[in-house]
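Colleague:
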Amino acid sequence: EAEVAQSPRYKITEKSQAVAFWCDPISGHATLYWYRQILGQGPELLVQFQDESVVDDSQLPKDRFSAERLKGVDSTLKIQPAELGDSAMYLCASSFGIQGLMDEQFFGPGTRLTVL
Amino acid sequence: GQSLEQPSEVTAVEGAIVQINCTYQTSGFYGLSWYQQHDGGAPTFLSYNALDGLEETGRFSSFLSRSDSYGYLLLQELQMKDSASYFCAVNRDDKIIFGKGTRLHILP
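Sequence lines, in order, name chains A and B. Just so we're aligned, residue 637 is where the first sequence starts under this note's numbering, counting upward by one. Just so we're aligned, residue 34 is where the second sequence starts under this note's numbering, counting upward by one.
Below is the structure:
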């Protein structure tokens, strides 16, 4: 069964360092999402791609966060510099993109980031 | 303000039925989805309602009333494996917004 792949699964870094997360969506899925989930909260959308284009990055802290999906397939989310408040689970999801934002989203296992 | 409201915790007995409610702000609403997330796991899709009424998928059903800005997830014949967090999510003003989640505790 096709799955969304993410790496690394865990990342520990010191504040002010740079970190990067990678996501490979399910083949054929045009829409890719990056979420941040703090323990006990729901996922918060950071950025949404349709193919290689950013559709929504209104919640992305652009002074330190960046995301790209250069060939419209896999994607990278970067944080530089990391801050203590960035400690969270970073989830990637993908969908076919036929029904727009209410398509079934398939989530990857996430990257748990701890900033010391 | 908060776009979605759902109870933080619900407790039910194995074999019973439980309903998890979700209320939302109306403007720009297009549909309501439900996701399940086990501890340490990723969210998995359960259902989607764009129109009023009840959608049934096995033991799980989801209901939407757009006039009341309200929906719920109904879980029947509860099993211990249903212990998880359940999130409602809306498409509002072209943004997808998740609720804070409802933690479902199941007692044997």
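Even for Gly, the Cβ is constructed at its ideal location relative to N, Cα and C.
(1) Taking Cβ positions only, does B:Ala75 come closer than 8 Å to chain A?
(2) Which residues in chain B have a C-beta closer than 7 Å to the C-beta of A:Lys685? List them in chain order.
(3) How long is the line joining the alpha carbons of A:Phe732 and A:Ala703, rounded to whole angstroms?
(4) Closest to A:His666 by C-alpha separation, out of A:Leu752, A:Glu740, A:Ser730, A:Thr750, would be which residue?
(5) List, in order along the chain, the chain B residues whose C-beta lies closer than 7 Å to that of A:Pro679?
(6) Determine whether the Cβ of B:Gly134 lies closer than 8 Å to any Cβ atom of chain A.
(7) Could you give the DSSP three-state label for A:Asp660: helix, strand or coil?
(8) Could you pull out every residue in the same chain whose Cβ sits closer than 7 Å to the Cβ of B:Gln112, ignoring the five residues on either side in sequence?
(9) Quick one: using the 10 Å Cβ neighbour count with 16 as the cut-off for buried, is A:Tyr671 buried or exposed?
(10) Would you identify the three-state DSSP class for A:Gly776, choosing helix, strand or coil?
(11) Give the secondary structure of B:Gly34 by DSSP, where H, G and I count as helix, E and B as strand, and everything else as coil.
Modeller: Considering the structure as presented:
(1) Counting from one through the second sequence, the residue named residue 75 of chain B turns up at place 42. Interface residue, yes.
(2) On the first sequence, residue 685 of chain A is found 49 positions in, with the first residue counted as 1. According to the sequence displayed, residue 685 of chain A carries Phe and not Lys. Neighbours of A:Phe685 on chain B: none; closest Cβ ~13 Å, over 7 Å.
(3) Taking the first sequence and counting its residues from 1, one reaches residue 732 of chain A at position 96. Taking the first sequence and counting its residues from 1, one reaches residue 703 of chain A at position 67. The straight-line gap from Cα to Cα measures roughly 20 Å.
(4) Start at 1 with the first residue of the first sequence, and residue 666 of chain A comes out as number 30. The question names His, but residue 666 of chain A is Ala in the sequence shown. Measuring from the Cα of A:Ala666, the nearest candidate turns out to be A:Ser730.
(5) Reading the first sequence from its first residue, position 43 is the one you call residue 679 of chain A. Ordered by position in chain B, the residues that pass the 7 Å Cβ test against A:Pro679 are Pro76, Phe131.
(6) The residue given as residue 134 of chain B occupies position 101 in the second sequence. Any Cβ of chain A closer than 8 Å to the Cβ of B:Gly134 would place that residue at the interface, and such an atom is present.
(7) Taking the first residue of the first sequence as 1, we reach residue 660 of chain A at position 24. When secondary structure is reduced to three states using DSSP, A:Asp660 falls in the strand class.
(8) Residue 112 of chain B sits at position 79 when you count from the first residue of the second sequence. The beta carbon of B:Gln112 lies closer than 7 Å to those of Glu47 in the same chain, with the five residues before and after it left out.
(9) Walking along the first sequence from the start, residue 671 of chain A turns up at place 35. Label assigned to A:Tyr671: buried.
(10) Outside the modelled stretch of chain A, which goes from 637 to 752, sits residue 776 of chain A, for which no answer is possible.
(11) Taking the second sequence and counting its residues from 1, the one referred to as residue 34 of chain B is at position 1. With a pLDDT of only 44 at B:Gly34, under 50, the local geometry of the prediction cannot be trusted, and the value read off the model is given with reservation. Three-state result, B:Gly34: coil.
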